[in-house]
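In the working numbering, the protein residues as written are -13 to 486. For each residue, glycine too, the CB sits at the ideal point set by N, CA and C. Model, not experiment: these values are computed from the prediction.
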Ligand SMILES: [Zn+2]
């Protein structure tokens, strides 16, 4: 049978229509940017003021910074004419009353910060130190996206657009520390049928690696006086940050060894070392570059590199010496655990497992090395656990060191197989960025997407651009902030007013 010629142009126009966002989505996105770009910055400035880090021993419900932050959100929501419900660890800000719902998932808590590393206070939005950038803790992760979502909703409300799906912005207050309260909430409450998380990367994230920690405590034991040894090795700040700082103190350091270290130090790209002497003790201070531990390639790991600098000899096995020997033998400066027994593996879509030492803590039993892993699909947790234990056992028996305590936590990777809105998200992304052929991606980080039905991540950071959340130089560029406002507004129109 012959195709009737008359339908060809119709088909063609249907296809070309589908490749760009609707007129309504585009005009509302433009309206949002023209009207609310500055208001969005003002909103973020207020949200950044609250140091919403988790405080040990204080419930998030009693934490004054969390209470203040939620009150600020309530105030902003009310001023914008959005409804606000406080569920304790979670607040929901809504627009519209349709029965079906579209959810946008964010979090209002942050990671710790080392204020001494910032040009201005990390809780005072810094718009001047680096023109074009809004610098502050939470600007990218995840307070900036909250402000963007608020003004996207406001633009839709201003335009009086009829919503077939109610829009709900979820702001969870313990994403960085404890998913328990959110897991309890999603069990007990009905959730939107369709969701995006705006806490990761574009274009669309459909797979997230599993988070894990290997904690090994190296027991202290006496070493002979008068021999060159490590009396101290410390470094790192928190478990999901690639460490920027590390320090070693070498007792009875020879002049030859000091000269060797100083010449080797110049070969470590991206590292800065400072040497100082106090009698026979040599102190080596190492500075690399902090990054989110799901993206170790964005940082320079001060613990790994300082260990490597000291790695020309096997150290006497007190706690610091054994720890450095272990790092050099099993981790090295690579990112993928290739020296660590048989543990390394990779998935075609999700990429390789990353294995990064992040923080060293002191305990009664010795020095605890925490290694953060991010693992793709391809091995079971049991298999990986067995391989880690095997490698640690082998190393221990070969080195005569004592690992006094060992704890493994191995989380599951997440793959989203049902997300009917992927094409809509990709269409909006391609239209506003000019990046054609955008495809779903996998990331190393973990988001709350896995707790909501049909959820995928959509932004806020561009693929291939360094992610600054969790680092000591967190910012969002003004250009990206505005682009996000365009894209989130368009997506809300497409998914809540023009449901497909
Ligand atoms: Zn985050």
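Ordered along the chain, which non-local residues of its own chain (more than five positions away) have a Cβ less than 6 Å from that of residue i?
| i | result |
| --- | --- |
| residue 197 | 397 and 432 |
| residue 389 | 202 and 382 |
| residue -11 | Confidence is the limiting factor: at residue -11 the pLDDT is only 36, short of 50, which leaves the residue's position unreliable, though a coordinate-based value still follows. Excluding residues within five positions, none has a Cβ falling inside 6 Å. |
| residue 33 | 129 |
| residue 401 | 193 |
| residue 119 | 461 and 463 |
| residue 88 | 151, 153, 178, 180, 481 and 482 |
| residue 76 | 158 and 171 |
| residue 267 | 235 and 237 |
| residue 294 | 319 |
| residue 54 | 36 |
| residue 332 | 338 |
| residue 17 | 141 |
Which residues mark the beginning and the end of the beta strand (DSSP E) in which residue i is found?
| i | result |
| --- | --- |
| residue 354 | 352 to 361 |
| residue 268 | 267 to 273 |
| residue 6 | No beta strand (DSSP E) holds residue 6; DSSP gives it neither H nor E. |
| residue 289 | From DSSP, residue 289 is part of no beta strand (DSSP E) but of the alpha helix (DSSP H) over 288 to 295. |
| residue 219 | 215 to 221 |
| residue 191 | 191 to 194 |
| residue 348 | 340 to 349 |
| residue 421 | Note, residue 421: premise wrong, no beta strand (DSSP E); not H, not E. |
| residue 283 | Looking at the DSSP string, residue 283 is not in any beta strand (DSSP E), and its letter there is neither H nor E. |
| residue 316 | That residue, residue 316, is in no beta strand (DSSP E); it is neither H nor E in DSSP. |
| residue 237 | 231 to 237 |
| residue 428 | 427 to 429 |
Give every residue of the same chain whose Cβ lies closer than 8 Å to the Cβ of residue i, excluding the five residues on either side of it in the sequence, and list them in chain order.
| i | result |
| --- | --- |
| residue 356 | 199, 200, 201, 222, 225, 343, 344, 345, 346 and 347 |
| residue 414 | 7, 11, 473, 476, 477 and 480 |
| residue 326 | 316, 317, 341, 374 and 377 |
| residue 465 | 118 |
| residue 246 | 298 |
| residue 97 | 39, 123, 127, 162, 224, 226, 227, 455 and 456 |
| residue 82 | 149, 151, 152, 153 and 482 |
| residue 72 | 56 and 60 |
I'd like to confirm something about residue i: is its beta-carbon nearer than 7 Å to some heavy atom of ligand 3, or not?
| i | result |
| --- | --- |
| residue 124 | Within the structure as shown, ligand 3 is missing, the only ligands being ligand 1. |
If you follow the alpha helix (DSSP H) that residue i is in, where does it begin and where does it stop?
| i | result |
| --- | --- |
| residue 369 | 367 to 385 |
| residue 242 | 241 to 251 |
| residue 181 | No alpha helix (DSSP H) contains residue 181, which is instead part of the beta strand (DSSP E) from 180 to 183. |
| residue 262 | Run containing residue 262: none in the alpha helix (DSSP H); it sits in the beta strand (DSSP E), 258 to 264. |
| residue 305 | 305 to 312 |
Can you tell me the Cβ-Cβ gap for residue i and residue j, rounded? I've got them flagged as a contact below 8 Å.
| i | j | result |
| --- | --- | --- |
| residue 204 | residue 309 | 5 Å |
| residue 304 | residue 234 | Actually they are not in contact, since the Cβ atoms of residue 304 and residue 234 sit about 13 Å apart, beyond 8 Å. |
| residue 127 | residue 455 | 3 Å |
| residue 80 | residue 47 | Actually they do not touch by this definition, with Cβ atoms about 22 Å apart. |
| residue 444 | residue 411 | 5 Å |
| residue 442 | residue 408 | 7 Å |
| residue 336 | residue 428 | 4 Å |
| residue 385 | residue 311 | 6 Å |
By Cβ distance, which residues of its chain are closer than 7 Å to residue i, with the 5 residues on each side in sequence left out?
| i | result |
| --- | --- |
| residue 0 | Note that residue 0 scores 38 on pLDDT, short of 50, meaning its location in the model is unreliable and no value can be drawn from it. |
| residue 324 | 330 |
| residue 133 | 26, 29, 30 and 33 |
| residue -5 | For residue -5, the predicted structure reports a pLDDT of 37, less than 50, and the residue's modelled location is therefore unreliable. A value from the coordinates is still provided. Here the set comprises nothing. |
| residue 5 | 413 |
| residue 285 | 228, 274, 275, 276 and 277 |
| residue 37 | 51 and 109 |
| residue 468 | 19 and 23 |
| residue 15 | 472, 475 and 476 |
| residue 45 | none |
| residue 440 | 179, 180, 181, 404, 405 and 406 |
| residue 452 | 284 |
| residue 322 | 330, 338, 339, 340 and 341 |
Give every residue whose Cβ lies closer than 5 Å to any heavy atom of ligand 1, listed in chain order. 127, 128 and 185
Could you pull out every unbroken beta strand (DSSP E) segment of at least 3 residues lying fully inside the region 114 to 176, listed in chain order? Listed in chain order, they are 119 to 121 and 152 to 158.
3-residue-minimum beta strand (DSSP E) runs that sit fully inside the region 438 to 475, ordered along the chain: 441 to 443 and 461 to 463
Suppose only complete runs of 3+ residues qualify. What are the beta strand (DSSP E) ranges in the region 384 to 416, listed by chain order? 389 to 396
Could you give the uninterrupted runs of the alpha helix (DSSP H) lying entirely in the region 49 to 95, keeping only those of 4 residues or more? 50 to 65
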